[in-house]
Amino acid sequence: MEAYLYDKLKNSRVRCRTCCHFCVLEPGHRGLCGVRENQDGRLMVLNYDKIIAHSVDPIEKKPIFHLKPGSRSYSIATMGCNFTCRFCQNADIAQISSEPGTRIMGRPMAPEQIVDNALAAGCQSIAYTYTEPSVFFELALDTARLAKDKGLFNIFVTNGYMSPDLIRQVAPYLDAANVDLKAFDDGFYQTFCNARLTPVKENLKRLKRAGVWVEVTTLVIPGLNDDPEELTALAGFIADDLGPDTPWHVSRFHPTHRMTDRGPTPADTVEKAWDIGKKAGLYYVYVGNLPGSSHQHTQCPHCDATVVERRGYDIVNHIKENGICPGCGALISGIY
Numbered sequence: 002m003e004a005y006l007y008d009k010l011k012n013s014r015v016r017c018r019t020c021c022h023f024c025v026l027e028p029g030h031r032g033l034c035g036v037r038e039n040q041d042g043r044l045m046v047l048n049y050d051k052i053i054a055h056s057v058d059p060i061e062k063k064p065i066f067h068l069k070p071g072s073r074s075y076s077i078a079t080m081g082c083n084f085t086c087r088f089c090q091n092a093d094i095a096q097i098s099s100e101p102g103t104r105i106m107g108r109p110m111a112p113e114q115i116v117d118n119a120l121a122a123g124c125q126s127i128a129y130t131y132t133e134p135s136v137f138f139e140l141a142l143d144t145a146r147l148a149k150d151k152g153l154f155n156i157f158v159t160n161g162y163m164s165p166d167l168i169r170q171v172a173p174y175l176d177a178a179n180v181d182l183k184a185f186d187d188g189f190y191q192t193f194c195n196a197r198l199t200p201v202k203e204n205l206k207r208l209k210r211a212g213v214w215v216e217v218t219t220l221v222i223p224g225l226n227d228d229p230e231e232l233t234a235l236a237g238f239i240a241d242d243l244g245p246d247t248p249w250h251v252s253r254f255h256p257t258h259r260m261t262d263r264g265p266t267p268a269d270t271v272e273k274a275w276d277i278g279k280k281a282g283l284y285y286v287y288v289g290n291l292p293g294s295s296h297q298h299t300q301c302p303h304c305d306a307t308v309v310e311r312r313g314y315d316i317v318n319h320i321k322e323n324g325i326c327p328g329c330g331a332l333i334s335g336i337y
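Residues 2 to 337 in our numbering are what the sequence shown lists, from first letter to last.
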């Protein structure tokens, strides 16, 4: 199908406006994502209904901790990504060639079927995840519109590199987003992701202004983005520019894909990142990929009562209706 966001240029070239790469493509060429192709001066989407992964997941797996804790989310993805992260955890479906003729695999699944599957599974939300949702934006938007009408929440799990136009179109249907803020150093983004930091920071602010519930995840990688000064600056950005009630998930790295030159993140490094987040004034800081950590629970920032208990994906939610703390009556930020 034809892409929703692009410009036609001279000599049958096109400029994609789906993400912040803004690829300019000659006829027959594909964008960095590998799933958008210039066909005779029209930008065509090659992965529209080709679902490569779908599953019923705990919403905490996204991770989203402040939207319907303990609920289930119907998770979908197509092939492709607009980043080339060396530490990609889903490289087999995300990191595909942009060479013309590369096969785009997946099972046909229309938006109506996706919504029906989510409802039949007892899910309260649909998560566009596993790969980057902006590369299957057309499918995500068409599905999100239907899902909203059926009372389902919509969630993006994203690298945050979508274009401002994309955010404007999807925001009315998007309830929450977990955005990877992979580092607070532009050199890291250029070297390890083939991207830039500033668009991600600006899009985080755009999502917040649009009324989307935002949670942030940082994969802490030994020797690359674990410097305390960098993490302090990153946490300060979240607290000051997004708000202290924005949850920050600091997650442990495990060697994968093209980054097997270092071991897993030491547990104490992740715990120190948690301390940095709290010292920056963030109300809700969580540790990921570290079983047994005590920093999985949600605590009231006013009275310190544990309002959501988490042990793996076993959830006990004590929050009262409308997000009220049972201990002091304060509001716990999120969607409950």
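By construction, the Cβ of each residue, glycine as well, lies at the ideal position given by its N, Cα and C atoms.
Close Cβ partners of residue i (< 7 angstroms) along its chain, the five nearest in sequence each way excluded
i	result
Asn179	Lys63, Pro64, Ile65, Val158, Glu216, Thr218
Ser13	Pro28, Asp41, Gly42
Ile239	Val217, Thr247, Trp249, Leu283
Gly346	One cannot answer for residue 346 here, as it falls past the ends of the chain, which runs 2 to 337.
Cys194	Phe84, Thr85, Cys86, Lys183
Pro245	Gly282, Leu283, Tyr284
Thr132	Ala78, Thr79, Met80, Gly81, Cys82, Asn91, Ile94, Ala95
Classification of residue i by the beta-carbon crowding that lies within 10 angstroms, buried from 16 upward
i	result
Lys151	exposed
Met80	buried
Asp93	exposed
Pro200	buried
Phe254	buried
Met106	exposed
Contact set for residue i: own chain, Cβ-Cβ below 6 angstroms, skip 5 residues either direction
i	result
Glu310	His298, Val317
Arg146	Tyr174
Gly278	Ala236, Trp249, Val286
Ala111	Asp50
Arg108	Ile52
Paired residues, beta bridge with residue i - DSSP
i	result
Asn163	Per the sequence shown, the amino acid found at residue 163 is Met instead of Asn. DSSP, once it has assigned bridges, lists Cys20 as partnering Met163.
Leu220	Ser252
Tyr287	His250
His55	Ile77
Ser126	Ser74, Phe154
Cutoff 8 angstroms; reference residue i; Cβ partners in own chain excluding five residues on either side
i	result
Val15	Tyr7, Asp8, Lys9, Val25, Leu26, Asn39, Gly42, Arg43, Leu44
Met2	Met45, Val46, Tyr49, Glu139
Asp143	Pro112
Rounded distance between the beta-carbons of residue j and residue i, thought under 8 angstroms
i	j	result
Leu283	Ala236	6 angstroms
Gln125	Lys69	5 angstroms
Ser99	Leu33	6 angstroms
Leu220	Phe88	7 angstroms
Pro101	Arg37	With a Cβ gap of about 12 angstroms, Pro101 and Arg37 do not count as contacting.
Ala148	Val116	5 angstroms
For residue i, three-class secondary structure by DSSP
i	result
Thr144	helix
Glu272	helix
Glu3	strand
Ala78	strand
Lys209	helix
Thr192	helix
Gln40	strand
Leu332	strand
Ala178	strand
Arg263	coil
Asp8	strand
Lys321	strand
Arg108	strand
Thr85	coil
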